[in-house]
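Numbering (the working numbering), first residue to last: 9 to 296. Backbone N, C-alpha and C define an ideal beta-carbon position, used for all residues, glycine too. None of the values given here were measured: they were computed from a predicted structure.
Below is the structure:
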């Protein structure tokens, strides 16, 4: 089955000749990666430019393919490029990256987009993932939350179901309880004071289709000074069947195993969505 993941690139740049490359890597199969090149040149236009642009290959029978989408009425047989050089007459430009994959069977594939910030020309470059499909609603980051490509070198992997596009409401955030932390387990080996803290995240879905798993990429842990001290590990997701036989709610459980050098005290857990969005941190208490 074909999965299309659209990533919108916005670039506000000065006139002139420039180009830089991005790499898309499959999370299911790290050996599968694709390089894409975008840029501008005075001799190029908005459509396909022979000698400058490079057409995409056919869709593979197995694997993944990323390409820069193009809509050129003069060349109706060309819908995707590996290299897309545009005219430098416009200050604001937009590229759309399509990601085709049939990896990972019925589970679905994730992809990681990376680049070198030092290769960017002068200007403002922002990127935002948008998961789209006709007939299915899908989560999309607001434009105000677009990533500044000059300040980041990669876009965290984001996940989407192979069978259906899942729509989530806003996360309910970490459950903050009076008897924090939610759970502490003390192990006798190798260190009797080596604690771990379980953090759970609850989700609701406004989709009438089954949930598979939330689009969380990780949980970042910060100390009271605002320093990130750890990223918690995903253990599993569970779903509660509550509506017409479908899973309306889902829970992700993360286990935080603090470094031995960290002192007891109050810390903050912030969930990071797979598409890059975050939500308000909640406090947890670490005792050792």
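CA-to-CA, the gap between residue 267 and residue 274 works out to about 15 Å.
According to the DSSP assignment, residue 28 belongs to the beta strand (DSSP E) that extends over 26-34. Between the alpha carbons of residue 155 and residue 265 lies a gap of roughly 29 Å.
Straight through space, the alpha carbons of residue 271 and residue 66 are spaced by roughly 55 Å. Residues of the same chain with a CB within less than 6 Å of the CB of residue 123, apart from the 5 flanking positions on each side, are 30 in chain order. In the same chain as residue 82, and ignoring 5 residues on each side of it, the C-beta atoms closer than 8 Å to its own belong to 55, 56, in chain order. In this structure, residue 78 keeps its C-beta atom at 8 Å or more from the C-beta atom of residue 85. For residue 111, the closest of 40, 236, 135, 76 by C-alpha to C-alpha distance is 40. Taking residue 291 as the centre and dropping the five residues before and after it, the same chain places the C-beta of 274, 276 closer than 6 Å to its C-beta, in chain order. Only residues of its own chain outside the window of five on either side were considered, and among them 45, 46, 47, 123, 124, 127, 128, 129 have a CB closer than 8 Å to the CB of residue 28, listed in chain order. Residue 92 and residue 228 have their C-alpha atoms some 36 Å from each other.
Judged by DSSP in its simplified three-state form, residue 61 adopts coil rather than helix or strand. Cβ contact annotation for residue 162 (same chain, cutoff 8 Å, sequence separation greater than five): 120, 121, 122, 123, in chain order. If you draw a straight line from the Cα of residue 90 to the Cα of residue 269, it comes to about 47 Å. By alpha-carbon distance to residue 49, the top candidate from 33, 64, 68, 25 is 25.
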